[in-house]
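Asker: Before I ask anything, let me first share the structure, which is written out below as structure tokens.
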Amino acid sequence: MVAAREQPKGAKLADILIAGAGITGLWQTLTLARAGHRVRLVERSAEPFADAASRLAGAMLAPYCESESAEPLIAELGLQALPLWRALYPETRQQGSLILAAPRDLPELARFARMTSHFERLDGAGVAALEPAFAGRYGQALFYPSEAHVEPGRAMPALLRLAQEAGARVEFGARWDEAEPGSYDHVIDCRGIAASPDLPELRGVRGEMLVVETDEIALRRPVRLLHPRFPLYVVPWAENRFMIGATVIESGDRGPATVRSALDLLGLAYTLHPAFGEARILRFAADVRPSFPDNMPRITLRGRRILVNGLYRHGFLLAPSLAALVAHYIKDGTTRQDVFLEDYCER
Ligand SMILES: Cc1cc2nc3c(=O)[nH]c(=O)nc-3n(C[C@H](O)[C@H](O)[C@H](O)COP(=O)(O)OP(=O)(O)OC[C@H]3O[C@@H](n4cnc5c(N)ncnc54)[C@H](O)[C@@H]3O)c2cc1C
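Residue numbers (the numbering used here): 110 to 456.
In structure tokens:
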């Protein structure tokens, strides 16, 4: 599984360019700058995070819940990432995840339990004790106590600050171009879906989300409402705001959210709790998740270029672990077969 390669030249203290300041590029920058490398991060958008899919994420750090539909590698890397998040970003909220289903959808809850692990089964009293807003509404639930979440709009600027404090140079409004000559030991390509011309298998999986504001309901942790068509989740953010997401649509369309998705998301949010009926809609947006055909992340080694991509639904969950893997590779050439791909093609 783990193979040691010859140490690349200049590996001790490398000159590294990172392209793309989404969650992938931020964690790479922070990790490598803290390891002592000379790191320059360039991001094409002038406004920080304005063009990153990461800005729309629910940013749930939910390795066990994601096991419902993901390969075991996602949980393994996600579990390694949780302590990294907590160590570098103390605002990481570890309040667990709560999974609910309407009475007619209880078979969905049973299926979710079969596919996942590390949960507690709750009855109605247990649900009410965790989230008083749901008292008397749900008689059964699953609770995953070790899961966490962050808020992208707060976490991403904080990671950026930490990277700069660690010595990284950061430039916004600076587009990296492959043709640009440079004397870097490594170029780490974290351009998300913009890298698809260089990664032909990469596709977009569209996700639509809302942010609403209401003081009619308070939640402490992400809540998922299972549904046969698609599960809804609501993530509590600061100042009475809630992120409601998300559609998962096989489409590379980055255009605005559709009426159908609005009806689906808002209808399910209202089903979860009628208090959302009075909430004010602050934002309704869509973007695509950069994804490979197996929906697994991949670190592609192509000469001095290292492409970190395909984080699909798991960018926040996986970015710290992928950064640690790249840091190990730069240090001593270590790779793991299930994440790294050596690509010798001349492009
Ligand atoms: C609605 C929704 C909900 C989600 N919920 C979750 C969740 O709960 N948990 C989770 O872990 N993940 C979640 N995700 C997935 C997560 O958002 C993605 O996996 C993640 O955003 C991918 O990050 P990235 O940094 O690879 O790409 P991006 O965030 O898209 O960043 C790529 C960056 O590269 C820049 N760039 C492109 N070309 C260039 C260039 N030539 N030069 C310089 N910069 C360039 C772009 O402008 C962009 O800023 C969700 C996604 C969506 C859409």
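We put the beta carbon where it would ideally sit given N, CA and C, even for glycine.
All values reported here derive from a predicted model rather than from experimental measurement.
Can you give me the C-alpha to C-alpha distance between G119 and L416, rounded to a whole angstrom?
Answerer: Taking the first residue of the sequence shown as position 1, residue 119 is located at position 10. Taking the first residue of the sequence shown as position 1, residue 416 is located at position 307. Since pLDDT at G119 reaches only 46, below the 50 mark, its modelled position is unreliable, and the value read off the structure follows with that caveat. The alpha-carbon atoms of G119 and L416 are separated by roughly 19 Å.
Asker: When the Cα of R398 is compared with those of D362, S430, A432, which residue comes out closest?
Answerer: Counting from one through the sequence shown, the residue named residue 398 turns up at place 289. Measuring from the Cα of R398, the nearest candidate turns out to be D362.
Asker: What is the DSSP secondary structure of W346, reduced to helix, strand or coil?
Answerer: By 1-based counting over the sequence shown, the position of residue 346 is 237. DSSP places W346 in strand when its eight states are reduced to three.
Asker: Any heavy atom of ligand 1 within a distance shorter than 7 Å of the CB on F252?
Answerer: For the purposes of this step, residue 252 is identified with residue 143 of the sequence shown, where counting begins at 1. No, ligand 1 has no heavy atom inside 7 Å of this Cβ.
Asker: What first and last residue would you give for the beta strand (DSSP E) that runs through I127?
Answerer: Along the sequence shown, read from residue 1 onward, the residue named residue 127 stands at position 18. That run of the beta strand (DSSP E) goes 124-128.
Asker: Does DSSP put H336 in a helix, a strand or coil?
Answerer: As a first step, residue 336 must be located in the sequence shown, where it is residue number 227. Three-state result, H336: coil.
Asker: Just to confirm, does P399 get its C-beta within under 7 Å of one of the non-hydrogen atoms of ligand 1?
Answerer: On the sequence shown, position 290 is the one that residue 399 refers to. Within the cutoff, so yes.
Asker: Per the DSSP calculation, R392 is bridged to which residue(s)?
Answerer: Here residue 392 refers to the residue found at position 283 when the sequence shown is read from its first residue. BP columns for R392 point to V320.
Asker: Assign D298 to one of three DSSP states: helix, strand, or coil.
Answerer: Taking the sequence shown and counting its residues from 1, one reaches residue 298 at position 189. Note: D298 maps to strand in three-state DSSP.
Asker: My output table needs one value for Q116: the three-state DSSP class, helix, strand or coil.
Answerer: Sequence index remark: in the sequence shown, residue 116 carries index 7 (1-based). With a pLDDT of only 44 at Q116, under 50, the local geometry of the prediction cannot be trusted, and no value is derived from it.
Asker: Residues bridged to V314 by DSSP?
Answerer: Residue 314 sits at position 205 when you count from the first residue of the sequence shown. The partner list for V314 (beta bridge, DSSP) reads R398.
Asker: Are the beta-carbon atoms belonging to V148 and I132 less than 8 Å from one another?
Answerer: The residue labelled residue 148 in the question sits at position 39 within the sequence shown. The residue labelled residue 132 in the question sits at position 23 within the sequence shown. No; because the gap between Cβ atoms is not below 8 Å, this pair is not in contact.
Asker: For the stretch 227-308, which segments carrying the alpha helix (DSSP H) assignment without a break, of at least 4 residues, lie completely within its bounds, in sequence order?
Answerer: The stretch 227-308 contains these whole alpha helix (DSSP H) runs: 233-239, 261-274.
Asker: Heavy atom of ligand 1 less than 7 Å from the Cβ of S163, yes or no?
Answerer: Stepping through the sequence shown from its first residue, residue 163 is reached at position 54. Yes - ligand 1 has a heavy atom lying nearer than 7 Å to the Cβ of S163.
Asker: In the DSSP assignment, the beta strand (DSSP E) including I208 goes from what residue to what residue?
Answerer: In the sequence shown, residue 208 corresponds to position 99, counting from 1. I208 -> beta strand (DSSP E) spans 206-210.
Asker: Rounding to the nearest angstrom, what Cα-Cα distance links L372 and D441 in this structure?
Answerer: For the purposes of this step, residue 372 is identified with residue 263 of the sequence shown, where counting begins at 1. For the purposes of this step, residue 441 is identified with residue 332 of the sequence shown, where counting begins at 1. Roughly 51 Å separates the two Cα atoms.
Asker: Grab me the residues of L209's own chain with a C-beta within less than 6 Å of its C-beta, minus the 5 sequence neighbours each way, in chain order.
Answerer: Locating residue 209 in the sequence shown gives position 100, where the first residue counts as 1. Y247, A250, L334.
Asker: If you check the beta carbons only, do V320 and R223 fall under 8 Å apart?
Answerer: Within the sequence shown, numbered from 1, the residue matching residue 320 stands at position 211. Within the sequence shown, numbered from 1, the residue matching residue 223 stands at position 114. No, they are not a contact pair.
Asker: Tell me whether A196 is buried or exposed, calling it buried when 16 or more other Cβ atoms sit within 10 Å of its Cβ.
Answerer: Along the sequence shown, read from residue 1 onward, the residue named residue 196 stands at position 87. Counting Cβ neighbours within 10 Å, A196 comes out exposed, since fewer than 16 surround it.
Asker: Given a threshold of 16 other Cβ atoms within 10 Å of its Cβ, counted over all protein chains shown, does Q137 qualify as buried or as exposed?
Answerer: Taking the first residue of the sequence shown as 1, we reach residue 137 at position 28. That one is buried.
Asker: Beta strand (DSSP E) containing V151: first to last residue?
Answerer: In the sequence shown, counting from the first residue as 1, residue 151 sits at position 42. Where V151 is concerned, the enclosing beta strand (DSSP E) stretches over 147-152.
Asker: Spell out the partners DSSP gives E451 in its beta bridges.
Answerer: On the sequence shown, position 342 is the one that residue 451 refers to. L410, per the DSSP bridge assignment.
Asker: Tell me T356's beta-bridge partners as DSSP assigns them.
Answerer: Translated into positions along the sequence shown, residue 356 becomes position 247. Answer is none; T356 lacks a bridge partner.
Asker: Can you determine whether any heavy atom of ligand 1 sits closer than 7 Å to the C-beta of D294, and answer yes or no?
Answerer: By one-based count along the sequence shown, residue 294 stands at place 185. Every heavy atom of ligand 1 is 7 Å or more from the Cβ of D294, so no.
Asker: Just to check, is the beta-carbon of S154 closer than 7 Å to a non-hydrogen atom of ligand 1?
Answerer: Position 45 of the sequence shown holds residue 154. Answer for S154: yes, Cβ within range of ligand 1.
Asker: Return the CA-CA distance between V314 and A144, expressed in angstroms with no decimal places.
Answerer: Taking the first residue of the sequence shown as 1, we reach residue 314 at position 205. Taking the first residue of the sequence shown as 1, we reach residue 144 at position 35. Approximately 33 Å, taken between the alpha carbons.
Asker: Nearest by alpha-carbon distance to L460: which of E200, I358, T225, A244 is it?
Answerer: Because the chain spans 110 through 456 in this model, residue 460 falls outside it and cannot be assessed.
Asker: Compute the beta-carbon to beta-carbon distance between A355 and G187, rounded to the nearest angstrom, for a pair I have assumed lies under 8 Å.
Answerer: Position 246 of the sequence shown, counted from the start, is the residue given in the question as residue 355. Position 78 of the sequence shown, counted from the start, is the residue given in the question as residue 187. At roughly 18 Å, the Cβ-Cβ gap does not stay under 8 Å, so A355 and G187 are not in contact.
Asker: DSSP puts N418 in a beta bridge; with which residues?
Answerer: Translated into the one-based positions of the sequence shown, residue 418 becomes position 309. Beta-bridge pairing links N418 to R407.
Asker: According to DSSP, is R330 helix, strand or coil?
Answerer: As a working mapping, residue 330 is identified with position 221 in the sequence shown. In this structure, R330 counts as coil in the three-state DSSP scheme.
Asker: Assess contact between the stretch 399-408 and the stretch 416-430, defined as three or more Cβ pairs (one per stretch) separated by less than 8 Å. Is contact present?
Answerer: The answer is yes - the stretch 416-430 touches the stretch 399-408, with three or more Cβ pairs under 8 Å.
Asker: Compute the beta-carbon to beta-carbon distance between L139 and A272, rounded to the nearest angstrom, for a pair I have assumed lies under 8 Å.
Answerer: For this step, residue 139 is matched to residue 30 along the sequence shown. For this step, residue 272 is matched to residue 163 along the sequence shown. Yes, they are in contact, since the Cβ atoms of L139 and A272 sit about 4 Å apart, within 8 Å.
Asker: Three-state secondary structure (DSSP) at R220?
Answerer: Looking up residue 220 in the sequence shown gives position 111. Here R220 sits in helix by DSSP.
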